[in-house]
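Structure record follows, encoded as structure tokens.
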Amino acid sequence: QRRQCILRDDVERACSSRGRVARRVFVKLDETTLERAQQILGYRFKDVSILDTALTHASIADSRVASNERLEFLGDAILGLIVCDYLFVRYPELLEGDLTKIKSAAVSRRMCAKITSQLGIDSLLLLGKGMKTRSSLPSSLSAAVLESVVGAIYVDGGFEEARQFLLPLMRAIRDRGHDV
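In terms of the working numbering, the sequence shown opens at residue -15 and continues consecutively.
So, in structure tokens, the structure goes:
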């Protein structure tokens, strides 16, 4: 059975302010989009609802708790840990200050947004009507998508799966001449 994407505006119109109580509607991505996201990420989710949450922006979620914000919070920490571990092992001769500079560049908003854009997962983010009118996704939002996806992979598959997702991306950045 295919899940349908229901826009919040449609629900608000259907439940007009004539005294009727609006029912809770959970916005979901359709199966085709979720499948495409899994192919792009190179990771097959055991529970695709976690991926659905990772790709649901607060502007369209039923509540902020139902959006990708919590996964973004977790993913930010997991991303930082994986990058720090990688740098610690890869550069045993570097001091803490040098490692910190490289880590800061690797997990920066700009770098995360660039990775998100190159993968194409920013185009899969489920946004509210007001956010869809923008010509491009703000870099902070684009970066947050990567963090929420990392959090989702961690929740679904554990640390090693999140690490396996991120390390090839970091190596690709390094191979293009960036300090990672």
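Glycine is no exception: its CB is placed at the ideal position from the N, C-alpha and C atoms.
- Here DSSP, grouped into helix, strand and coil, assigns L25 to helix.
- Going by C-alpha positions, L103 is about 8 Å away from L25.
- The C-beta of L13 has 16 or more other C-beta atoms within 10 Å across all chains shown, which makes the residue buried.
- In its chain, beyond the 5 residues on either side, L58, G59, I62, E145 and A146 have a beta carbon closer than 8 Å to the beta carbon of Y138.
- The beta carbon of L78 sits closer than 8 Å to those of L71 and I86, all from its chain and outside the five residues before and after it, given in chain order.
- In the structure shown, L110 adopts extended strand secondary structure according to DSSP, grouped into three states.
- In its chain, beyond the 5 residues on either side, S123, S124 and A127 have a beta carbon closer than 7 Å to the beta carbon of R93.
- Around the beta carbon of G135, 16 or more other beta carbons lie within 10 angstroms, which makes this residue buried.
- As the crow flies, the alpha-carbon of R20 is around 20 Å from that of E56.
- Using a Cβ distance threshold of 7 Å, V129 and V91 do not count as a contacting pair.
- The beta carbon of H41 sits closer than 8 Å to the beta carbons of S51, N52, L109, L110, L111, G112, M115 and L125 from its chain, once the five residues preceding and following it are set aside; these are given in chain order.
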